[in-house]
Amino acid sequence: MMMMTAQLVLFGAGVWAAIGFFAAADALTAVKWGIPAAVLLIMSLMIKLALWPVIHVNRMLAQLHRLELSVLRDTGHS
Numbered sequence: 003m004m005m006m007t008a009q010l011v012l013f014g015a016g017v018w019a020a021i022g023f024f025a026a027a028d029a030l031t032a033v034k035w036g037i038p039a040a041v042l043l044i045m046s047l048m049i050k051l052a053l054w055p056v057i058h059v060n061r062m063l064a065q066l067h068r069l070e071l072s073v074l075r076d077t078g079h080s
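Heads up: the sequence shown is residues 3 to 80, going by the working numbering.
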């Protein structure tokens, strides 16, 4: 949960910095907002991609446990 919260905070800060980037009137202000926006959004994406396999494995294990329970119920074992 903490990693997902950190990812959400980084994404929100990245979007906020991106809005500042697109609202910039001169090049220096665009650089000032653009670099942090890019870094924050990339960090957010990296955390999301790092967590994706773990989430997928947990879903597969849950499905496997449900399948095992249904097989045990159908064969009459408890």
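Ideal Cβ placement from N, Cα and C applies to all residues, glycine included.
Option in the options with minimal Cα separation from residue i
i     : options                     : result
Ser46 : Asp76, Met3, Phe13 and Met4 : Phe13
Exposed unless 16 or more other CB atoms sit within 10 angstroms - verdict on residue i
i     : result
Leu74 : exposed
Ile9  : Residue identity differs from the one stated: residue 9 is Gln in this sequence, not Ile. Label assigned to Gln9: buried.
Trp54 : exposed
Close-in-space but distant-in-sequence residues of the same chain around residue i (CB under 6 Å, 5 per side omitted)
i     : result
Ile20 : Ile is not the amino acid found at residue 20; the sequence shown has Ala there. Once the five neighbours on either side are set aside, the close Cβ partners of Ala20 are Ala39.
Whole-angstrom C-beta distance between residue j and residue i, which should lie under 8 Å
i     : j     : result
Gly16 : Leu42 : 3 Å
Chain-order list of residues whose beta-carbon lies under 7 Å from that of residue i (same chain, five-residue window excluded)
i    : result
Met5 : Ile49 and Leu53
Nonlocal neighbours in the same chain, by C-beta distance under 8 Å from residue i, ignoring five residues either side
i     : result
Ala32 : Phe23 and Ala26
Exercise for the section: Identify every run of the alpha helix (DSSP H) within the region 27 to 77, keeping only runs that are complete inside it and at least 4 residues long; order them along the chain. Expected result: Whole alpha helix (DSSP H) segments, 4+ residues: 29 to 77.
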